[in-house]
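Numbering (our numbering), first residue to last: 558 to 830. To keep things clear, I will list the structure first and then write my remarks on it.
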Ligand code: MF3
Ligand code: CO
Ligand code: CO
């Protein structure tokens, strides 16, 4: 990019960032990823999700960063922890993890005003074969969505790649929750859908920053919001999985800001030390 490229917004209200802004996102992204790498040590049968959240809060602050979720629309925790049939926005609690429980941990940090937002799946003990399969499919669906990212492609192309992989594997894509633009804000335009037709939606441009965060269910895609006004569950109580990366569109493709420094993001490698 040249010096004439200042922050601007597209007609759809999507921010176009400058080359130097990538450095800010990289710093926030790598911190969020490092925290998810380290949190694996605190996940075991008998552990509570509040204790996991306390460790996350401690690690974020020890790094001199801020948990973006605390105070966000009244949310009071440093992470969302979504167990089994919880799709997203699970609230850390004193409930203990049982053998075979699968959980998504979603962390968003603010570093120098830039947001890094990422989530992955973990298991307490050993997963069932169907849970392990759902987790791998969800990871792979996210990565297929990211592979599409390049100037000139569309947001619909991303959603289509994710949906095609999920449905070929006979799992369903949650429709009501989506990825989002981010940067110096937590949730901006556009809504990044994880389904839909190719060649639709806004065209990707260099300097766009956003998350991709597909939620896939073993059963039907329908969701239900619990009375705590946060927890989203599958209506049919089937298992759900989610993975999330924060990415930026570069001149020739994509930069993933939240890559694991220890290559632990792929569930095949999650037990690496
Ligand atoms: N990190 C979530 C996302 O991926 C948002 C959580 S907001 C909270 O967009 F308030 F629920 F924490
Ligand atoms: Co997000
Ligand atoms: Co998130």
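For glycine and all other residues, C-beta sits at the position ideal for the given N, C-alpha and C.
Classification of residue i by the beta-carbon crowding that lies within 10 angstroms, buried from 16 upward
i           : result
residue 624 : buried
residue 858 : Absent from the model: residue 858. The displayed extent of the chain is 558 to 830, so no value can be given.
residue 583 : buried
residue 704 : exposed
residue 829 : exposed
residue 568 : exposed
residue 612 : buried
residue 641 : buried
residue 561 : Because residue 561 sits at a pLDDT of 41, beneath the cut-off of 50, its placement in the model cannot be relied upon, and the following sentence gives the value as read from the coordinates. Exposed, since its Cβ has fewer than 16 Cβ neighbours within 10 Å.
Residues sharing a beta bridge with residue i, DSSP
i           : result
residue 801 : 676
residue 645 : 789
residue 772 : 799
residue 637 : 663
residue 729 : 774
residue 713 : Answer is none; residue 713 lacks a bridge partner.
residue 782 : 789
residue 653 : 605
residue 749 : 736
Beta-carbon gap between residue i and residue j smaller than 8 Å
i           : j           : result
residue 706 : residue 810 : yes
residue 675 : residue 626 : no
residue 694 : residue 733 : no
residue 653 : residue 634 : no
residue 729 : residue 773 : yes
residue 620 : residue 818 : no
residue 750 : residue 806 : no
residue 691 : residue 796 : yes
residue 636 : residue 660 : no
residue 719 : residue 698 : yes
Residue i Cβ short of 7 Å to ligand 3 heavy atom set
i           : result
residue 674 : yes
residue 852 : Here the chain covers residues 558 to 830 and nothing more, so residue 852 does not appear.
residue 733 : no
residue 594 : no
residue 665 : yes
Cβ-heavy atom distance, residue i to ligand 1, below 7 Å
i           : result
residue 630 : yes
residue 577 : no
residue 751 : no
residue 696 : no
residue 815 : no
residue 788 : no
Nearest-angstrom beta carbon gap, residue j and residue i [assumed within contact, 8 Å]
i           : j           : result
residue 669 : residue 581 : 6 Å
residue 798 : residue 678 : 5 Å
residue 740 : residue 766 : 5 Å
residue 681 : residue 602 : 5 Å
residue 643 : residue 804 : About 25 Å; that fails the 8 Å criterion.
residue 595 : residue 667 : Between residue 667 and residue 595 the Cβ distance is about 18 Å, and since that is not below 8 Å, they are no contact.
heavy atom of ligand 2 below 7 Å from residue i C-beta
i           : result
residue 736 : yes
residue 768 : yes
residue 608 : no
residue 801 : yes
Near ligand 5: residue i beta-carbon under 7 Å from a heavy atom
i           : result
residue 671 : Absence of ligand 5 from the depicted structure is noted, with ligand 1, ligand 2 and ligand 3 being the only ligands included.
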